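Trainee:
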Amino acid sequence: MTFARQPGAVLTDASAAPAARLAKVPQVTALFWIIKVLTTGMGETASDFLAHTLAPPVAVGLGALGLAAALTLQFRVRRYLAGVYWFAVIMVSVFGTMAADVLHVGLGVPYVVSTIGFALALAAILGVWYATERTLSIHSITTPRRELFYWATVLATFALGTAAGDLTAMTFGWGYLLSGVIFAAAIAIPALAFRAGLLGAVAAFWAAYVITRPLGASFADWMGVSHERGGLGLGTGPVTAAWTVLIVVLVGYLAITRADSEPAGR
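So in my numbering, spot 92 of the sequence shown is number 921, and the numbers just go up one at a time.
The following block contains the structure:
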C-alpha cells in the first residue's frame, strides 16, 4: 500500500481516496488536528467542571446520556456532517475523561495501572478491528461495523490519553504545563517518522491521535486549575466556555465551506 502526501492533507491514504466520498469521518487536515486538540482540552475541563458542580454520579450519568445521544445521531446520518461528527467527538472526550477519573478517584486505581489498562484495551480493539476488516484506515469508515470499531477506538484513545496525562502531571510530578510541552514535542514524532518513511500513514495517524488527548488536556488543566496546583487559576468553567467558542467557530467554518468533506486534491 502506498501513501500520498498531498497539499493540505496530513497522513492520508491515497489508495482509499475513492471510498472517502462515502466515509463518515472528515478528511485529515491541519484544521482537523487543531479542532481535535481543542476538543480534548474542552472535554477535560468540562468533565471537571461538571464533577465539581454536580454530584459525581449525576455528572457521569449526564455524560453517558450525552454520549449515547451524540453517537446515535452520528450513526443515523448517511454522510459526514461536521457539526454531528464533532459533537460526537466532544461527548466522547467528556465521557472518556469521566471514565478515567472514575477509576482513579472513585475506585482508587493508580494512574500507571489505568494507563496500562487503557493501552491494552486500545490494542485489543485495534487488533480485533484489523482481524475483522483487514484495515485500520479512517478512509474506510463506510459501513456500520467499521464505524463501531472507529468510535470504540476513539473512546479508548480518550480514556488512555486522560490517564497518561494525569500520570505525567501528577504521578511523575511534571505538572500540567511541562506535561503539555512534552506532549507537544511528542506529537511531532509520528508525523516526522511518516515523512521519513519509517512509519505507515495509518500507524502514524493513530499514534498522533492518542497524543492529542494528553496534549490538549494538559494545557487546558494548566489554564483552569489553581495557582497552588501550578495553573493559571482561570477556572474550569471559563476555560470550557472559551475552548467551546473556538470549537464552534472552527466547526462552523467547516460546515459552511465543507473544506474537509471531499477527498484531498479534489
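Ideal Cβ positions, reconstructed from N, Cα and C, are used throughout, including at glycine.
Bear in mind the structure is a predicted one, so any value in this text is a computation, not a measurement.
Tell me whether Phe1001 sits in a helix, a strand or coil according to DSSP, three-state version.
Mentor: It is coil, neither helix nor strand.
Trainee: Grab me the residues of Leu1028's own chain with a C-beta within less than 7 Å of its C-beta, minus the 5 sequence neighbours each way, in chain order.
Mentor: Result list for Leu1028: Pro1019 and Ala1022, in chain order.
Trainee: Let me make sure I understand the geometry here. Which of Thr964, Leu984 and Thr901 has the alpha-carbon closest to that of Arg975?
Mentor: Checked all of Thr964, Leu984 and Thr901; the closest Cα to Arg975 is Thr964.
Trainee: How about the stretch 1077-1087 and the stretch 1037-1051: do they share at least three Cβ pairs that are nearer than 8 Å?
Mentor: Counting Cβ pairs under 8 Å, fewer than three are found: no touch.
Trainee: Three or more C-beta pairs closer than 8 Å, one from the stretch 966-984 and one from the stretch 935-955: is that the case here?
Mentor: Touching, yes.
Trainee: Reducing DSSP to helix, strand and coil, say where Arg908 ends up.
Mentor: In the structure shown, Arg908 sits in coil (DSSP, three-state: anything other than H, G, I, E or B).
Trainee: Taking all protein chains shown into account, decide if Glu873 is buried (16 or more other Cβ within 10 angstroms of its Cβ) or exposed.
Mentor: By the neighbour-count rule (16 or more Cβ atoms within 10 Å), Glu873 is buried.
Trainee: Taking DSSP as the reference, what is the three-state secondary structure of Val1054?
Mentor: Correct three-state label for Val1054: coil.
Trainee: Just to confirm, does Phe1023 get its C-beta within under 7 Å of one of the non-hydrogen atoms of the ligand MG?
Mentor: In the structure shown, the ligand MG is absent, as is every other ligand, since no ligand is present at all.
Trainee: Going straight from the alpha carbon of Ala867 to that of Arg1024, what length do you get?
Mentor: Checking the sequence shown, residue 867 turns out to be Leu, not Ala. In a straight line, the C-alpha of Leu867 is about 25 Å away from that of Arg1024.
Trainee: Run through DSSP, which three-state label would Lys865 get?
Mentor: Here Lys865 sits in helix by DSSP.
Trainee: Taking the alpha-carbon positions, what's the Val941 to Leu996 distance?
Mentor: Their backbone Cα atoms lie some 6 Å apart in a straight line.
Trainee: What number of angstroms, rounded off, separates the C-alpha of Val921 from the C-alpha of Gly1026?
Mentor: Each residue's alpha carbon lies about 32 Å from the other.
Trainee: Put Val938 into one of helix, strand or coil per three-state DSSP.
Mentor: Val938 falls in the coil class under three-state DSSP.
Trainee: Can you give me the start and stop residues for the alpha helix (DSSP H) that Thr982 sits inside?
Mentor: First-last of the alpha helix (DSSP H) with Thr982: Pro973 to Asp995.
Trainee: Is it buried or exposed for Leu900, if we count other Cβ within 10 angstroms and need 16 for buried?
Mentor: With 16 or more Cβ atoms within 10 Å of its Cβ, Leu900 is classed as buried.
Trainee: Spatial neighbours of Leu860 within its chain, please: C-beta separation below 6 Å, excluding the five flanking residues on both sides.
Mentor: Nothing meets the Cβ criterion.
Trainee: Count the other C-beta atoms from every protein chain shown that fall within 10 angstroms of the C-beta of Leu932, then say buried if there are 16 or more, exposed otherwise.
Mentor: Buried is the call here.
Trainee: Just the Cα atoms here: how many angstroms apart are Ile967 and Ala1032?
Mentor: Cα to Cα, Ile967 sits roughly 11 Å from Ala1032.
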